[in-house]
Amino acid sequence: MPDLKSQRDWIAGLCSFVLHLLILVGLAAWSVGIGIVGQSLTIESGQLSQEDMPTLELADRAPMEVEPQPDDATSTFPNIGAIPGAAPVNLQTVPPEIPSAFLQPELSSDLQLPLGGGNLGFADTSLDGRKKENRARLALENGGSPESEAAVERALEYLARHQLNNGSWSLSFESSCEGQCEPDGNRVDSYRIAATGLGLLCFLGAGKTDSDEEYGTNVSKAIYFLQQNLKTNSGSGYWVGTESLAQMYEHGIATLALCEAYQMSNSAELKESCQLAVNYIVDAQFRDGGWDYHPGSPGDLSIAAWQVMALKSAIAGKLGVPQRTVSSVDRFLEKCRGGEFMYRYRDRKPTASMTAIGTLIQIFRGRSREARSIAMAVEYMGNEGPSSNDMYYNYYATQVMFHHGGPPWKAWNYKMRDFLVRTQLTQGHSSGSWWFDGDHSNDVGGRLYTTCMACLTLEVYYRYLPVYSQPGADFQF
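Residues in the sequence shown are numbered from 1 upward in steps of one, following the working numbering.
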């Protein structure tokens, strides 16, 4: 048995070892605490340098990779024409997680975006506003009335009554009415695709889908007609060729309608058709950034408007659209200027209709409400007031005023809304329709065209969210 002194020496050595071990463990814990906990305390106290922040926040993440651009592309959107105050958007702000399903590399070498994220400058379509439980409320909040809503319902009844058996509509439909409707125009073509697109848009604008109890069959038949008549060729789809005098008018309107139907239903069947139709718009864009009656010709603003609206709807539905296609519209818009705030059709004098279209595209592309060109255009249209026979102008100008809001919108809406309520037919087989004498109403489009444009104008209260009321940077770049 060891003596007492040896026992004391052994115990002392053990205590010393344990003490040193505890000190070492404490030092290690203190170091780790400084490296992990202490860093957050330092950040909160503002003592950590700005250069250190990214290391702390992204230490466990892979570095963001930006897809390389083609040689002739730049890292920012091109300057929006010569419009002052429009800052470029850096492509490096695009989120790296881009679903591959939204990419269409066969169309172009441009970067494809998961659209609806705001980087292309278009707003998402307001789907919630069209729902039955929200539609009446938004109509009243945004300037509609029980009378205007009743007018929309009568218009839908009229359209349902004049839909053809195969699901289409025609601008020359009098023969199908067995003499119950009077002839109302001098159209040379039925423009079946455009007419079907316009009719379908009216139902979709009121929140009617293929599952709607009252109009579901009408909507389903119209969608089926458009899908069945879409021709495919080399990764794109088109409805009519150069045999149609208004090929790109028809294509743009039908694409807009089909994309809205897809957006509202999220149907996988529709997605492919919509993407094919969008691809055709992309391929048909002329090098000046616009579109003409047929692909391969210098564009005009009236035709371009329908293509832009179709691309806008495609963006909201998260379909693939090349970035270059959208940004090129800005260059074309500048080409169509006819003054500080007015726009023109081709090389002609500026007109009210083209000014309404150009201003609306500016708004969709992110132009500030306070911008001089927007303010001057709104003042001009407010002084002009709604047209008594040009529903084409009224349709676009109403959207401009609605998105701008404020007193100009209230003054415009009071006149436009009550004029349409007052002039709608309410009796006979044509009940629910509108008919005006004029170059851009019945002389070209006829009763069905005029009715669709008037109906869409009265649906503005809930068809889209007001651009400038939406938070975020969707329209501010």
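C-beta atoms are modelled at their ideal positions from N, C-alpha and C, and glycine is treated no differently.
- Here residue 146 carries a helix assignment [DSSP, helix/strand/coil].
- Per the Cβ contact rule, the region 330 to 343 is in contact with the region 288 to 297 (3 or more Cβ pairs under 8 Å).
- One Cα belongs to residue 142, the other to residue 461, and the distance between them is close to 5 Å.
- Between residue 310 and residue 278, the C-beta spacing is below 8 Å.
- Note that the region 262 to 270 does not touch the region 241 to 250; fewer than 3 beta-carbon pairs, one per stretch, sit closer than 8 Å.
- Counting C-beta pairs closer than 8 Å gives three or more between the region 154 to 166 and the region 219 to 232, which meets the contact rule.
- CA-to-CA, the gap between residue 317 and residue 205 works out to about 15 Å.
- Between residue 453 and residue 391, the C-beta gap is smaller than 8 Å, which places the two residues in contact.
- The beta carbon of residue 170 lies closer than 7 Å to those of 164, 190, 192 and 195 in the same chain, with the five residues before and after it left out.
- With a threshold of 16 other beta carbon atoms within 10 Å, residue 146 falls short and is exposed.
- Between the beta-carbon of residue 154 and that of residue 328 there is about 41 Å, and that puts the pair past the 8 Å contact cut.
- About 6 Å separates the beta carbon of residue 202 from that of residue 456, a gap short enough to meet the 8 Å contact definition.
- Residue environment analysis places residue 355 among the buried positions, since at least 16 neighbouring C-beta atoms fall within 10 angstroms of its C-beta.
- Under the 10 Å beta carbon count, residue 383 is surrounded by fewer than 16 other beta carbons and is classified as exposed.
- Note on the region 311 to 353: whole alpha helix (DSSP H) runs with a minimum of 4 residues are 323 to 335, in chain order.
- Shown here, residue 224 sits in a helix according to DSSP, grouped into three states.
- Collapsing the DSSP output to three states places residue 359 in a helix.
- DSSP assignment within the region 429 to 462 yields the following whole alpha helix (DSSP H) runs of 4 residues or more, N-terminal first: 446 to 458.
- Taken through DSSP and simplified to helix, strand or coil, residue 218 comes out as helix.
- With 16 or more other Cβ atoms from the protein chains shown falling within 10 Å of its own Cβ, residue 300 counts as buried.
- Between residue 313 and residue 360, the gap from beta carbon to beta carbon reaches 8 Å or more.
- CA-to-CA, the gap between residue 401 and residue 375 works out to about 11 Å.
- Cβ-Cβ separation between residue 273 and residue 230: approximately 6 Å, consistent with a contact (criterion under 8 Å).
- Look at residue 231 here: in three-state DSSP terms it is strand.
- Beta-bridge annotation (DSSP): residue 190 is not paired with any residue.
- Of the candidates 259, 315 and 304, the residue whose Cα lies closest to the Cα of residue 345 is 304.
- With fewer than 16 other Cβ atoms inside 10 Å of its own Cβ, residue 245 counts as exposed.
- In chain order, 434 place their CB closer than 7 Å to the CB of residue 423, counting only its own chain and leaving out the 5 sequence neighbours on each side.
- For residue 380, there is no enclosing beta strand (DSSP E); the enclosing alpha helix (DSSP H) covers residues 372 to 384.
- A direct Cα-to-Cα measurement between residue 293 and residue 308 gives close to 14 Å.
- A straight-line Cα-Cα distance of about 26 Å links residue 197 and residue 133.
- Annotated three-state conformation of residue 172 is coil, per DSSP.
- Here residue 285 is not near residue 242, since their CB atoms are 8 Å or more apart.
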